[in-house]
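Letter 43 of the sequence shown, counting from 1, is numbered 43 in the UniProt record's numbering, and no numbers are missing. In what follows, a single structure is set out as structure tokens and then discussed.
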Amino acid sequence: MDLSKYTGKGLTGLVNLGNTCFLNSCIQVLNHTYELHEFLNSTGYKRHMKPGLIDCSIIEEWNDLRNVMWAQNGVVAPNKFVHNVHRVARAKNRDIFTGWAQNDMPEFLLFLIECMHNSISRGMKMNINGKSENSVDDLALKCYDMLKDVYAKEYSEIMDMFYGIYVSQIVSLKKKVHSTKPESFFIMDLPIPTENTCSLYDCFDNFVASETLSGDNAWYNEKTGKKEDVVKTLGFWNFPKILVITLKRFSPDGSMKMGNLIEFPIENLNLSKYVKGYNPQQYVYDLFGICNHVGGVSGGHYTAFVKNSTGKWLNYNDQIVKEIPEQVDSHIITPMAYCLFYRKKNNLV
């Protein structure tokens, strides 16, 4: 991928139109997701756009906004884009994005990517060939069958870019697999361990930790009609090209925010040990974006750190854009980090 066209550009700040910092920080990271730019610049997707579907206006307004932001450095007021988000949200009954209240940035990102996906999704036939020769092949068939059903209704290049597959299994104490359930995912919500300081790997370990179901919680085996002690496991068939991770800092009821420092790698996030699929060693990632949340449960402010095409890190705080000094780690690895954006290594080659 030729990144030279991005050199010296992309230093555009965004006006806060009224509690739109969550939206601004999301835009800045997506604006440096070069894979998405290249796809939308190719224009081939336009033949799949659905006339009359309101979701399509999200792609159209996104194209207009990103073109303005890359035309020259300065400050842009994203009025058209934001008002269109309100319009689409009203039509889709997503009330939280119809006004000027503070909102959760990952939730907005999910809304945005879903609209882009819906705009160009179409049915695609997927053929599965070959016979299973081992347990990995067995798992592959389960995952491919799931994908085949999904793609038959709604395939898009957005899914290729942002979606992976995780797998939950029910395994007997004698290691017999009773059930396998693959599911696609976009944003990974990682629980935070209670320790004051921990690593992103600790969060992953926590996420995939096995759970024994026994006693009153024993699993009901429909084939035998009896309850059985089992282990519930969770792993990944694969990870996407662009991996988005949310650190679950907020309690489910919104009453508490965890301010723990999570140490995360800027380069070479190695997820191979969590992968049950083929070639696990390929899942190594480099960080290129962080959305930070400053404040508590009753309100706060979002900013973004973004790595540009020349490898420099930038701090986007609404309309203010600053280059981050050379000691990058101490500036970007903070307790404010809320949403992490990783790119699969060599994905830009």
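Glycine included, C-beta positions come from ideal geometry on N, C-alpha and C. These numbers were taken from a predicted model, which means no experiment stands behind them.
Asked                                                                                                       : Found
CB contact check: K175 to chain C, cutoff 8 angstroms                                                       : Here chain C cannot be found, since the structure has a single protein chain.
Outcome for V208 when other beta-carbon atoms lying within 10 angstroms are tallied against a minimum of 16 : exposed
I158, buried or exposed, once every other Cβ within 10 Å from all chains shown has been counted against 16  : buried
Straight-line Cα distance separating K174 from residue 365                                                  : Nothing can be reported for residue 365: it is not among the residues displayed for the chain, which extend from 1 to 349.
S330, enclosing alpha helix (DSSP H) - first and last residue                                               : V328 to I332
Local conformation of W313 per DSSP, three classes                                                          : strand
Reduced DSSP category for L147 - H, G, I as helix; E, B as strand; rest coil                                : helix
Beta carbon of I290 nearer than 8 angstroms to that of S199                                                 : no
Nearest residue (CA-CA) to P335, options K232, M49, I192 and C143                                           : I192
Any non-hydrogen atom of the ligand COA within 7 angstroms of Y45 CB                                        : The ligand COA is not among the ligands present in this structure, which contains no ligands whatsoever.
S309 versus T194 - alpha carbon distance                                                                    : 36 angstroms
Buried versus exposed, by CB contacts within 10 Å (16 or more), L53                                         : exposed
Local conformation of W100 per DSSP, three classes                                                          : coil
Whole runs of the alpha helix (DSSP H) within the region 133-186, excluding any shorter than 4 residues     : 135-154 and 157-162
Contact check, A329 vs I266, beta carbons under 8 angstroms                                                 : The amino acid occupying residue 329 in the given sequence is Asp; Ala does not appear at that position. Yes, the pair counts as a contact, with Cβ atoms nearer than the cut-off.
7 angstroms CB neighbourhood of N31 in its chain, flanking five on each side removed                        : G10, R66 and M69
Stretch-stretch touch, CB-based, cutoff 8 angstroms, three pairs: the region 5-22 with the region 299-317   : yes
Minimum C-alpha distance to L147 - residue among L243, N127 and N134                                        : N127
Three-state class that DSSP yields for I242 in the structure shown                                          : strand
Straight-line gap, N347 to K227 (C-alpha atoms, nearest Å)                                                  : 47 angstroms
Closest Cα partner of G296 within the set K307, N134, R249 and K176                                         : R249
Three CB pairs or more closer than 8 angstroms across the region 251-258 and the region 177-185             : no
Alpha carbon of K46 to alpha carbon of Y220, nearest angstrom                                               : 49 angstroms
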